[in-house]
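Scroll down for the structure; my scribbles are underneath it.
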Amino acid sequence: MGTDDARRRLTSARVATLATAGRSGETDLVPITFAVSGNRLVSVVDHKPKTTTRLRRLENIVGNPRVAVLAHGYDEDWDLLWWVRVRGDARTVTSGRGHRDAVRSLVAKYAQLVDPPPTGSVIIVEIDEWLGWSARRLHEG
286 MGTDDARRRL
296 TSARVATLAT
306 AGRSGETDLV
316 PITFAVSGNR
326 LVSVVDHKPK
336 TTTRLRRLEN
346 IVGNPRVAVL
356 AHGYDEDWDL
366 LWWVRVRGDA
376 RTVTSGRGHR
386 DAVRSLVAKY
396 AQLVDPPPTG
406 SVIIVEIDEW
416 LGWSARRLHE
426 G
């Protein structure tokens, strides 16, 4: 799958999985809502209840900014299977223009975030690697 197709599929996906690893190397996976613009992916800690305010994903990014994000499409018709994985460096922001722009793009994608809009930390991933696979593409050749 080419980068343009991978970008299109990732952008239209509704949920993905964020992979982080802390300084010790211990990994963490968490489902996220997100938005993509160019080579930047943003996600926000939304208002859904959390078991703690010290989220491992945020702590991991401080200790090790390398992350991966995986989105996939599953169907009982395996000819329709696909996945996209991106890697990049992440940072978190809690205020300012980057935070406002990220929240705006997420509110535009997810009606659940409109009222109230999220105020939590934003994760910004600068994507430097796109990789994707599609069963359909293999059968079309």
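Letter 15 of the sequence shown, counting from 1, is numbered 300 in this note's numbering, and no numbers are missing.
For glycine and all other residues, C-beta sits at the position ideal for the given N, C-alpha and C.
Computed from a predicted model, the values in this text were never measured in an experiment.
Rounded to whole angstroms, the gap between the alpha carbons of residue 293 and residue 405 is 27 Å. Nearest Cα to residue 312 within the set 320, 319, 303 and 318: 303.
Within the stretch 321-367, the runs of alpha helix (DSSP H) at least 4 residues long that lie entirely inside it are, in chain order, 341-348. Note that the C-beta distance between residue 342 and residue 315 is below 7 Å.
Around the beta carbon of residue 401, fewer than 16 other beta carbons lie within 10 angstroms, which makes this residue exposed.
In the DSSP assignment, the residues bridged to residue 314 are 304.
For residue 391, the enclosing alpha helix (DSSP H) starts and ends at 381-394. By the neighbour-count criterion, in which a residue is buried when 16 or more other Cβ atoms sit within 10 angstroms of its Cβ, residue 379 is exposed. DSSP places residue 416 inside the beta strand (DSSP E), whose first and last residues are 407-419.
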